[in-house]
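Notes for the one structure printed next.
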Amino acid sequence: MLYSKLFGKTSKAVSADEESINAQFLIRGGFINKQMAGVYNYLPLGLSVLTKIQNIIREEMTTAGANEILMPALTQEESYKTTGRDNMDILFRTEGPSGAKYFLNPTHEEVVTPLVQKYVFSYQDLPLAVFQIQNKYRNEARAKSGILRGREFNMKDLYSFHANEESLNGYYEMMKKVYFKVYDRLGLGAMTVLVYASGGAFSRYSHEFQTICDVGEDTIFVCDKCHIGVNKEIISEQTSCPECGNVDLVEKKGIEVGNIFKLRTKFSEAFGFKYLDGEGKEQPVEMGCYGIGPSRSMGTLVEVFHDDKGILWPEAVAPFKYHIVALGKEDETYTAAHEIYQKMIASGAEVLFDDRRDVTAGVKFADADLIGLPVRLVVSKKTLEKQSVEIKKRNETESSLMLISDLI
RNA sequence: CGGGGUGUGGCGCAGUUGGUAGCGCGUCUGGUUUGGGACCAGAAGGCCGCAGGUUCGAACCCUGUCACCCCGACCA
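Residues in the first sequence are numbered from 11 upward in steps of one, following the numbering used here.
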């Protein structure tokens, strides 16, 4: 990608209102643009990161045997009346032309349960898991912290359906591992812990995946031995590590980057979703749900991987791996840089080329640091005299020269 | 939803006791620069969030309203 053709610009300043690191760097770097509180536009750089995060999640969910679908954002009021959730205060409500009431889905149990019910009748159809990656709408009393807590946000939600509790439990335990695979690939694995949290109405506990970070909204108590935590909301009933019994838990702040629940039969019973077992008897369907927020994960990555100059994207989610910066005014430099760029593209590399811009070297370097691609390649008269480019990793301070022939 | 704060060119901000709006960044033109956010000269760009009110006169005072940020509450 030529930087000169990229929609979106970097900026030196951002509104003093934006206190969160993720909002500041993502807005300044031209990744996102705020439309209103908790609602953001994703510009090409930001969309690229979001898409890469989604694709990692998509791959892992598919590998785990789940089917990807896409459900609507809009749902009729009736479905929520069926489950008694039609008076949730976070619902965005709207109306159809004849006055029919619709909600923008804050989550999709009310959609997925009757949907799957239309196709599943027998124990032979179970277990089954479907997922989608879609935007959710929640009329939060207070949107905050950039893209960490929005009113419209991107979410992967997976729903599993089982003939019995054992099947649900097995799938649930497997998903814990799958989730950590996702966080490992995103670069968040080392600082993310499994946290026991309130189970809502369905089971004693749910499990959250919390990335340890000072700006996190949640207070958790972590057992350093097990990499396991307990959310403050249940610490009065669970005062020790649920795995090893350790009572020496350390208080930390976490960003909730995932949450999994055993829904059991709450929704299947509400919709009358039953299946016939091997003896021809009706049985309630057991359900689980599993969420990861790609947009929140993106914000979390910025909170975790940044320095005072900008973002340090992990390679797996960086919009491009390489950032070529051409310096100087000689046409030959730009011609040579362009050739390097073309050859790298041809070899399949992801490259952002800061081609001719009438700004000083400092501006280009500052932009490169802000955007935060993993590897910076400087092409100038000096480097070309040695048939080289200067190569520097974003997370290192030392640069070195590399022969262009070796690079390609 | 409670508390606190803020709304002024695209962005960041200033604006005194009420007298008809200014600075920086960015943008455009020309020129000089070019390895860590250059410089000179010129230019464009504002219903001062919105609606009422007070006043000869309102960015400024009063009332209402909307939006945004922070703290808290909330959070499948």
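Beta carbons are placed, not taken as given, at the ideal position from N, Cα and C, and that holds for glycine.
Please read all numbers here as calculations on a predicted model, not as lab measurements.
Per DSSP, reduced to three states, the secondary structure at Q134 is helical.
Within the region 242-283, the complete alpha helix (DSSP H) runs of at least 4 residues fall at 276-280. Sequence-distant partners of M308 (beyond 5 residues in either direction) whose C-beta falls short of 7 Å from its own C-beta, in its chain, are V59, L60, I63 and I157. Taking a C-beta distance under 8 Å as the contact criterion, T275 and V295 qualify as a contact pair. With 16 or more other Cβ atoms inside 10 Å of its own Cβ, C233 counts as buried.
In the structure shown, the three-state DSSP call for I79 is coil. If you look at S305, you'll find it isn't in any beta strand (DSSP E); it sits in the alpha helix (DSSP H) that goes P304 to V314.
M98 sits in coil when the DSSP states are folded into three classes, being neither helix nor strand. For A207, the enclosing beta strand (DSSP E) covers residues T202 to S208.
Beta-bridge partners assigned by DSSP to A139: S170. V373 and P329 have their C-alpha atoms spaced approximately 20 Å apart.
For A346, the secondary structure class from DSSP, reduced to helix, strand or coil, is helix.
Annotation for P124: no beta strand (DSSP E) segment contains it, though the alpha helix (DSSP H) segment containing it runs E119 to Q127. Secondary-structure assignment with DSSP links I230 through a beta bridge to N241 and K262. In the structure shown, the three-state DSSP call for A378 is helix. Annotation note: the region 20-93 contains the following uninterrupted beta strand (DSSP E) runs of length 3 or greater, listed N- to C-terminal: 42-46, 49-52 and 84-86.
A Cβ-Cβ contact shorter than 8 Å links F131 with L286. With fewer than 16 other Cβ atoms inside 10 Å of its own Cβ, C254 counts as exposed. If you ignore the 5 residues before and after T72, its C-beta comes within less than 8 Å of the C-beta of E78, all in its own chain and listed in chain order. DSSP links F113 through a beta bridge to T85 and R103. Around the beta-carbon of G94, fewer than 16 other beta-carbon atoms lie within 10 Å, marking it exposed. Distance from the CA of K166 to the CA of R68, rounded to the nearest whole angstrom, comes to 8 Å. About 6 Å separates the beta carbon of E150 from that of I100, a gap short enough to meet the 8 Å contact definition. Taking the Cα positions, K91 is about 16 Å away from E105.
Residue burial annotation: S108 is exposed, with fewer than 16 other C-beta atoms found within 10 angstroms of its C-beta. Shown here, G301 sits in a strand according to DSSP, grouped into three states.
Of the residues I381, V267, C299 and I265, the one whose Cα lies closest to the Cα of S278 is C299.
Beta-bridge annotation (DSSP): L337 is not paired with any residue.
Proximity of the region 44-54 to the region 378-396 falls short of the contact definition, fewer than three beta-carbon pairs being nearer than 8 Å. Within the model, the alpha-carbon separation for T20 versus L383 is close to 14 Å.
M11 carries a coil assignment under DSSP once its states are collapsed to helix, strand and coil.
In the DSSP assignment, F219 falls within the beta strand (DSSP E) that extends over Y215 to I222.
In the structure shown, the three-state DSSP call for D416 is helix.
Counting C-beta pairs closer than 8 Å gives fewer than three between the region 22-39 and the region 346-354, which falls short of the contact rule.
Sequence-distant Cβ neighbours of L411 in its own chain, meaning closer than 8 Å and more than five residues away, are T393, K396, S398, V399, E400 and I401. Sequence-distant partners of V122 (beyond 5 residues in either direction) whose C-beta falls short of 6 Å from its own C-beta, in its chain, are Y169.
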